[in-house]
Amino acid sequence: MTNKSLAALFFGCILTASAASAQSLLPKPQSFVAGKGAFSTDAKLKVVNEVGAEAENIYSKQFTANTADDARQVVRFTRLDGASSPEAYRLHVTKDTLLISAASADGFRFAWQTVNQLKQKNAVMACDVVDAPAFKWRSLMLDVSRHFQPISFLKKQIDVMAQYKFNRLHLHLTDAAGWRIEIKRYPRLTEFAAWREGKTWKEWSKLGCKYMHEGEAGAYGGYYTQDELRDLVSYAAERGITIVPEIEMPGHSAEVLTAYPELSCTHEPYKQMDFCPGSIATYDFLENVLKEVMDIFPSKYIHVGGDEADKASWPSCPLCQQKMKELGTDKDGLQAHLIAHFGKFLTEHGRQLVGWDEVIAGNLEKNTTVMVWRGLEKAQEAIDHGYDVVLSPSGYWYLDYYQDAPDTQPEAIGGFLPLEKVYSYVPGGTLPEEVRNKITGVQANLWTEYVPTAEHVEYMLYPRALAIAEIGWNGTKTKNYPEFRKRAIVECERLHKQGVNTFDLKKERGERPESFKTTKHKAIGCNIIFNHRYEDKYKAQGDKTLVDGQHGGWTYGDQKWQGFLGNKGYCLDLTIDLGKVQKISTVAADFMQAYGAWVFFPSEYKISFSEDGQNFTEVYNKKSEVDRDIQLGFRNLAWKGNAKTRYIRVQGSTTEDGGWLFTDEIIVK
Numbered sequence: 011m012t013n014k015s016l017a018a019l020f021f022g023c024i025l026t027a028s029a030a031s032a033q034s035l036l037p038k039p040q041s042f043v044a045g046k047g048a049f050s051t052d053a054k055l056k057v058v059n060e061v062g063a064e065a066e067n068i069y070s071k072q073f074t075a076n077t078a079d080d081a082r083q084v085v086r087f088t089r090l091d092g093a094s095s096p097e098a099y100r101l102h103v104t105k106d107t108l109l110i111s112a113a114s115a116d117g118f119r120f121a122w123q124t125v126n127q128l129k130q131k132n133a134v135m136a137c138d139v140v141d142a143p144a145f146k147w148r149s150l151m152l153d154v155s156r157h158f159q160p161i162s163f164l165k166k167q168i169d170v171m172a173q174y175k176f177n178r179l180h181l182h183l184t185d186a187a188g189w190r191i192e193i194k195r196y197p198r199l200t201e202f203a204a205w206r207e208g209k210t211w212k213e214w215s216k217l218g219c220k221y222m223h224e225g226e227a228g229a230y231g232g233y234y235t236q237d238e239l240r241d242l243v244s245y246a247a248e249r250g251i252t253i254v255p256e257i258e259m260p261g262h263s264a265e266v267l268t269a270y271p272e273l274s275c276t277h278e279p280y281k282q283m284d285f286c287p288g289s290i291a292t293y294d295f296l297e298n299v300l301k302e303v304m305d306i307f308p309s310k311y312i313h314v315g316g317d318e319a320d321k322a323s324w325p326s327c328p329l330c331q332q333k334m335k336e337l338g339t340d341k342d343g344l345q346a347h348l349i350a351h352f353g354k355f356l357t358e359h360g361r362q363l364v365g366w367d368e369v370i371a372g373n374l375e376k377n378t379t380v381m382v383w384r385g386l387e388k389a390q391e392a393i394d395h396g397y398d399v400v401l402s403p404s405g406y407w408y409l410d411y412y413q414d415a416p417d418t419q420p421e422a423i424g425g426f427l428p429l430e431k432v433y434s435y436v437p438g439g440t441l442p443e444e445v446r447n448k449i450t451g452v453q454a455n456l457w458t459e460y461v462p463t464a465e466h467v468e469y470m471l472y473p474r475a476l477a478i479a480e481i482g483w484n485g486t487k488t489k490n491y492p493e494f495r496k497r498a499i500v501e502c503e504r505l506h507k508q509g510v511n512t513f514d515l516k517k518e519r520g521e522r523p524e525s526f527k528t529t530k531h532k533a534i535g536c537n538i539i540f541n542h543r544y545e546d547k548y549k550a551q552g553d554k555t556l557v558d559g560q561h562g563g564w565t566y567g568d569q570k571w572q573g574f575l576g577n578k579g580y581c582l583d584l585t586i587d588l589g590k591v592q593k594i595s596t597v598a599a600d601f602m603q604a605y606g607a608w609v610f611f612p613s614e615y616k617i618s619f620s621e622d623g624q625n626f627t628e629v630y631n632k633k634s635e636v637d638r639d640i641q642l643g644f645r646n647l648a649w650k651g652n653a654k655t656r657y658i659r660v661q662g663s664t665t666e667d668g669g670w671l672f673t674d675e676i677i678v679k
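Plus 10 on top of the position in the sequence shown (first one is 1) and you've got this note's numbering.
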């Protein structure tokens, strides 16, 4: 990197920064003490550099033109010895002195980002800052497979990430929706597997998930050339950010296996999602791909996915059967073998494997990094194996979920994840302190099935990504959301001036209003006989959930909605005992549909009454087809009339294999 380029970056930031105060610093530094007065950047400055190249790259023509050896105001760069982190820095700002001490070039970069936020008009407020990151891995994951975004957009996001002291950009480059990286040995990956029929995820699904050739009429997609990616890597490195590429294996690979069907178990296009781990060809192919990936990306971390493999064809595939017999294992052990193979392969090439928490099962190299997305028990397991852990909890840091009332937002995959919940997460949570201290980093993920445009990507990222930036840098062991929200609003205004499309936090509506209400009705506290039990994963408050008077929020994962997994009969099948025969006029329940999460309204919903608990009379039956255009919705199904009963049987089903039904309360009046 040239002195000129880094200089333009940093001092340019100072000159263009919007007004800020100490209270708006984000991420919050470890220690901040306000001083008196301010250091003027308009006056003549004397520059003293005691550290050499790591600091002199900050200078620019604008800066040097404003310097004079006899100036009273001094900008001084010094070495920070004994720092706890190579990214640590200190600032000492008075009316006459701007002293920047850092442990490395990255430390100086982060120091200048803080100076940038402290600048008001043409002066930097006096203060003392002592700062260092809580986690060494602070990352955003952008999914460019589901919806391709141009290099210019990625550079724009890198600039924003640098402002908030992120140091990793995880690029999800391959998945069924499109292969996004040029691999010269396998041209069909970009000539064919990078293009699809149908722009949006839903359009592509409705059209049968077909791929198209580059240049074909209606082909949607794109890919990055190797030269474009090398330029992006250099651009990011100049801003202190490492790009971590992800190449999916063995699952999420329908695009590869349609372009090169011989790598699947059946050798048929459009039939498989998973590589054949019993075939030598699979290992040869993936090794060749990774060699080209490593030639592009200098990152010591290479992500191999490893999640959600279906493995459906492996038990019946002769090559997989032979390999399982040879290894003395089952299909899960076969996946572990494949991941372990590539962990060793990457280590032999001076790199380290990163994978989602499904990879823990393998006998992996000790330099493995596990991204935990499912639960803290996976973090404990990974740490017990001696692996590094990056936390990326789906319920808190998956930014593809709705961030406000769904009827006010662009269509999303489902769920509800407001800024307050993102900020509330404590890395490591209930794990023992000695385990929490071994957690390496934090990461937010933006999957883009329902995020088709660049503007929408930014809208979903900001300000929620700022909460992860604060947690990753400061640690935020003590939470103060109202104070953080004020700072986030300031930063959203700043980002808007930079041309970034953020969610308008000031207009936030918040949680589903019903979730704040308690409804009194005749079934409160009554016994429920579950003819088909709810799933423990979504048990909410257990057996009394549906008769506790409490209503759910915008997401089924809020511990108020109870989940029933679809089967061939009624997955929702329960009987409420009112305790005695009594008059009733209403039996009502709310249901949720979150299509992207395979949660559906009932295809059939039935209510029956009985006075003796043995002989039931059906009084209500509602049937409906699944409407796949309802991404997230709520429906009230109710019987109304006049009847006497003691027992109320409620039944519901879904026609979708593996589908879910969720309800939050059965109201009897």
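Beta carbons are placed, not taken as given, at the ideal position from N, Cα and C, and that holds for glycine.
Going by CA-CA distance only, name the one from Leu179, Phe202, Ile253 and Gln592 that's closest to Glu226. Within the sequence shown, residue 226 is the residue found at index 216, counting from 1. Of the candidates Leu179, Phe202, Ile253 and Gln592, the one whose C-alpha sits nearest the C-alpha of Glu226 is Phe202.
Buried or exposed: which applies to Phe526, given that a residue is buried once 16 or more other Cβ atoms fall within 10 Å of its Cβ? Indexing the sequence shown from 1 puts residue 526 at position 516. Flag for Phe526 reads exposed.
Tell me which same chain residues have a C-beta within less than 6 Å of the C-beta of Ile586, skipping the five on either side of it? Residue 586 sits at position 576 when you count from the first residue of the sequence shown. Same-chain partners within the cutoff: Ala533, Cys536, Ile538 and Ile658.
Tell me the residue span of the alpha helix (DSSP H) that contains Phe619. Translated into the one-based positions of the sequence shown, residue 619 becomes position 609. That residue, Phe619, is in no alpha helix (DSSP H); its beta strand (DSSP E) goes Glu614 to Ser620.
Spatial neighbours of Phe145 in its chain, beta-carbon cut-off 6 Å, leaving aside the 5 residues before and after: Sequence index remark: in the sequence shown, residue 145 carries index 135 (1-based). The residues are Gly451, Val452 and Gly482.
N-terminal and C-terminal residue of the alpha helix (DSSP H) that His157 is part of: Residue 157 sits at position 147 when you count from the first residue of the sequence shown. Annotation for His157: no alpha helix (DSSP H) segment contains it, and DSSP assigns it neither H nor E.
Report yes if the CB atom of Pro143 is closer than 8 Å to the CB atom of Ser111, and no otherwise. Within the sequence shown, numbered from 1, the residue matching residue 143 stands at position 133. Within the sequence shown, numbered from 1, the residue matching residue 111 stands at position 101. A distance of 8 Å or more separates the beta carbons of Pro143 and Ser111.
Applying the 10 Å Cβ sphere with the 16-neighbour rule, what's the burial state of Asp258? If you number the sequence shown from 1, residue 258 lands on position 248. Correcting the residue identity first, residue 258 is Glu in this sequence and not Asp. With 16 or more other CB atoms across the displayed protein chains lying within 10 angstroms of its CB, Glu258 is buried.
Is the beta carbon of Ser34 less than 8 Å from the beta carbon of Arg495? Here residue 34 is taken as the residue at index 24 of the sequence shown, counted from 1. Here residue 495 is taken as the residue at index 485 of the sequence shown, counted from 1. No; because the gap between Cβ atoms is not below 8 Å, this pair is not in contact.
Going by other Cβ atoms of all chains shown within 10 Å of its Cβ, with 16 needed for buried, is Lys175 buried or exposed? Against the sequence shown, residue 175 aligns to sequence position 165. With 16 or more other Cβ atoms within 10 Å, it is buried.
Beta-carbon separation of Tyr630 and Ile640 under 8 Å? Residue mapping note: residue 630 aligns to position 620 of the sequence shown, counting from 1. Residue mapping note: residue 640 aligns to position 630 of the sequence shown, counting from 1. For Tyr630 and Ile640, no; Cβs fall outside 8 Å.
Rank Arg656, His351 and Lys578 by C-alpha distance to the C-alpha of Leu588 and give the top, closest one. Position 578 of the sequence shown, counted from the start, is the residue given in the question as residue 588. For the residues Arg656, His351 and Lys578, the minimum Cα distance to Leu588 belongs to Arg656.
Contacting residues, own chain, Cβ-Cβ under 8 Å from Asp667 (five flanking each side not counted): On the sequence shown, position 657 is the one that residue 667 refers to. In chain order, Gly576 place their CB closer than 8 Å to the CB of Asp667, counting only its own chain and leaving out the 5 sequence neighbours on each side.
On a CA-only basis, which of Leu427, Ala53, Asn126 and Arg100 is nearest Ser114? Give me that one, please. Here the question's residue 114 lines up with position 104 in the sequence shown. Distances from the CA of Ser114 to each of Leu427, Ala53, Asn126 and Arg100 were compared; the closest alpha carbon is that of Arg100.
Is any beta-carbon of chain B found at less than 8 Å from that of Gly92? Although the question refers to chain B, the structure presented lacks it and comprises just one protein chain.
Between the CA atoms of Lys376 and Glu313 - distance to the nearest angstrom: By 1-based counting over the sequence shown, the position of residue 313 is 303. By 1-based counting over the sequence shown, the position of residue 376 is 366. The sequence given here places His at residue 313; Glu does not occur at that position. Cα to Cα, the separation comes out at about 15 Å.
Less than 6 Å between C-beta atoms, sequence neighbours within five positions excluded: which residues of the same chain meet that for Thr252? Taking the first residue of the sequence shown as 1, we reach residue 252 at position 242. Non-local C-beta neighbours of Thr252 in its own chain, meaning closer than 6 Å and more than five positions away in sequence, comprise Arg178 and Ser309, ordered along the chain.
Using a threshold of 8 Å, state whether the C-beta atoms of Glu265 and Tyr233 are closer than that. Start at 1 with the first residue of the sequence shown, and residue 265 comes out as number 255. Start at 1 with the first residue of the sequence shown, and residue 233 comes out as number 223. Contact: no.
Please state whether DSSP places Thr276 in a helix, a strand or coil. Along the sequence shown, one-based indexing puts residue 276 at 266. Three-state DSSP puts Thr276 in coil, outside helix and strand.
What span of residues does the alpha helix (DSSP H) with Ser95 cover, start to end? Counting from one through the sequence shown, the residue named residue 95 turns up at place 85. Secondary structure note for Ser95: it is in no alpha helix (DSSP H), with a DSSP letter that is neither H nor E.
Distance, Cα to Cα, Lys106 vs Ala53? Residue 106 sits at position 96 when you count from the first residue of the sequence shown. Residue 53 sits at position 43 when you count from the first residue of the sequence shown. It should be pointed out that residue 106 corresponds to Asp in this sequence rather than to Lys. Those two C-alpha atoms are separated by around 10 Å.
Excluding the five sequence neighbours on either side, which residues of its own chain have a C-beta within less than 7 Å of the C-beta of Asn76, listed in chain order? Looking up residue 76 in the sequence shown gives position 66. The beta carbon of Asn76 lies closer than 7 Å to those of Lys54 and Leu55 in the same chain, with the five residues before and after it left out.
Per DSSP, what kind of secondary structure is Lys650 in: helix, strand or coil? Your numbering for residue 650 matches position 640 in the sequence shown. Strand.
Separation of Lys388 from Asp546, as counted between CA atoms: Position 536 of the sequence shown, counting from 1, holds the residue named residue 546. Position 378 of the sequence shown, counting from 1, holds the residue named residue 388. Asp546 and Lys388 have their C-alpha atoms roughly 18 Å apart.
Can you tell me which residues form a DSSP beta bridge with Met259? Indexing the sequence shown from 1 puts residue 259 at position 249. DSSP lists Gly315 as the beta-bridge partner residues of Met259.
By DSSP, does Lys354 sit in helix, in strand, or in coil? Stepping through the sequence shown from its first residue, residue 354 is reached at position 344. Per DSSP, reduced to three states, the secondary structure at Lys354 is helical.
Would you tell me roughly how many angstroms separate the C-alpha atoms of Leu476 and Asp169, rounded to the nearest one? In the sequence shown, residue 476 corresponds to position 466, counting from 1. In the sequence shown, residue 169 corresponds to position 159, counting from 1. Leu476 and Asp169: Cα-Cα distance of roughly 14 Å.
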